Amino acid sequence: MTQPGRNRRVGPEPQEPASAVLVPDLIFPAVAPDPDPPARPARRRLRRRWWGLILTLLLVGAALGLWFGLPIRTVTVDGNVRLSPARVQTLAGLSPDFGWLYYGAWRARGLLGSPWVQSATVTRTFPDAVHIQLTERTAYARLRRLDGVVVAIAADGTVLPGALNTAKLPLISGWGPDRLPEMLRVLRALSRYNVQSVAYSPTGLTLTVAGKEASSRVWTGDVQALLKYAESISMYPNHKISIYPWGVSVQE
């Protein structure tokens with residue numbers, strides 16, 4: 495006798511679990527360094543050095559070409575009285591083999607090495623000419639130094655060696671602290687008077703002023719007072735005049 499069947503659920507057939515697929519880690523082989531890159535910068539540096547050397551040689555060649563291609567051929571000098579044109583050119587560093595393009599103030603500065611040169615203007619004219627305009631110092635007075643030697647000096651006190659025809663210039667002498675700049679200022683202020691000499695000391699100064707018949711002798715202990723009462727020199731010619739801050743004393 496057949497037993498009654500049991501109810502069974504009918505469903506999909508059970509499936510076996512899918513096996514996991516393992517993907518191994520990707521391993522990339524090490525790439526060997528390219529030996530060329532280090533060599534390329536070295537070649538570039540070498541190439542730059544060669545180009546730098548070539549450029550330097552070109553510049554040097556161009557400079558030499560300008561030096562020899564533009565020499566100084568014409569030099570003119572104006573304003574010189576005491577110095578000869580040849581001496582001026584020597585002081586200025588002008589020579590036929592010197593390049594016109596490179597001549598400048600740094601070379602012409604040698605002119606100021608001469609005590610006779612007060613100032614100078616140098617003008618270059620293309621392609622080969624240089625003109626020098628001088629302003630020379632002139633002898634303004636004589637100075638008796640402490641050793642007794644008499645020298646000619648310019649208005650700024652510069653000693654002028656070899657000056658000629660200076661016998662009639664006023665003579666400055668004295669002792670004590672140097673007062674030469676002050677004495678030159680006095681001579682300039684009294685330039686309309688024929689001052690023959692001025693002697694200074696720590697206590698004052700004495701002037702000898704030439705007149706038509708005789709000389710006046712002027713003493714003062716104060717330079718400002720002298721300049722203030724300078725008219726007394728012409729008012730009392732051929733007298734002994736003493737000038738003080740408070741007035742003037744005149745003696746026969």
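Counted the way the working numbering counts, the sequence shown spans residues 495 to 746. All C-beta atoms, glycine included, are put in the ideal place defined by N, C-alpha and C. Since we're looking at a predicted model, the values are computed, not measured.
Cβ neighbour criterion (16 or more within 10 Å) applied to Gly741
Along the sequence shown, read from residue 1 onward, the residue named residue 741 stands at position 247. Exposed: under 16 other Cβ atoms inside 10 Å.
What is the C-beta distance between Thr652 and Arg631, in whole angstroms, given that I count them as a contact (C-beta under 8 Å)?
The count along the sequence shown starts at 1 and reaches residue 652 at position 158. The count along the sequence shown starts at 1 and reaches residue 631 at position 137. Right, their Cβ atoms sit about 6 Å apart.
Span separating the alpha-carbon of Arg576 from that of Ser726
As a working mapping, residue 576 is identified with position 82 in the sequence shown. As a working mapping, residue 726 is identified with position 232 in the sequence shown. Those two C-alpha atoms are separated by around 38 Å.
For the structure I just gave you, are there three or more beta carbon pairs, one from the segment 638–653 and one from the segment 620–627, closer than 8 Å?
no
Should Arg567 go down as buried or exposed, given a rule of 16 or more other Cβ atoms within 10 Å for buried?
Numbered from its first residue, the sequence shown carries residue 567 at position 73. Looking at its Cβ environment, which holds fewer than 16 other Cβ atoms inside 10 Å, Arg567 is exposed.
Roughly how many whole angstroms lie between the Cα atoms of Pro565 and Gly705?
Counting from one through the sequence shown, the residue named residue 565 turns up at place 71. Counting from one through the sequence shown, the residue named residue 705 turns up at place 211. Their backbone Cα atoms lie some 59 Å apart in a straight line.
Which of the three DSSP states, helix, strand or coil, is assigned to Gly741?
Residue 741 sits at position 247 when you count from the first residue of the sequence shown. Strand.
Which first and last residues belong to the alpha helix (DSSP H) in which Trp600 is found?
The residue given as residue 600 occupies position 106 in the sequence shown. Run containing Trp600: Ala599 to Ala602, per the alpha helix (DSSP H) assignment.
Classification of Ser710 by the beta-carbon crowding that lies within 10 angstroms, buried from 16 upward:
In the sequence shown, counting from the first residue as 1, residue 710 sits at position 216. By the neighbour-count rule (16 or more Cβ atoms within 10 Å), Ser710 is buried.
C-beta contact flag for Val744 and Ile737 at 7 Å
If you number the sequence shown from 1, residue 744 lands on position 250. If you number the sequence shown from 1, residue 737 lands on position 243. No, these two residues do not count as a Cβ contact at 7 Å.
Can you tell me the Cα-Cα spacing of Leu588 and Asp650, whole angstroms?
Within the sequence shown, numbered from 1, the residue matching residue 588 stands at position 94. Within the sequence shown, numbered from 1, the residue matching residue 650 stands at position 156. Rounded to whole angstroms, Leu588 to Asp650 spans 28 Å at the Cα level.
Run through the DSSP bridge pairs and tell me what Ser691 is partnered with.
In the sequence shown, counting from the first residue as 1, residue 691 sits at position 197. Its beta-bridge partners are Leu665 and Thr702.
At which residues does the beta strand (DSSP E) containing Arg576 begin and terminate?
As a first step, residue 576 must be located in the sequence shown, where it is residue number 82. Per DSSP, Arg576 belongs to no beta strand (DSSP E) and is neither H nor E.
According to DSSP, is Thr652 helix, strand or coil?
As a first step, residue 652 must be located in the sequence shown, where it is residue number 158. Note: Thr652 maps to coil in three-state DSSP.
Grouping DSSP H, G and I as helix and E and B as strand, with all else coil, what is Ala514?
Locating residue 514 in the sequence shown gives position 20, where the first residue counts as 1. For Ala514, the predicted model reports a pLDDT of 45, less than 50, meaning its position is unreliable and no value from the coordinates is stated.
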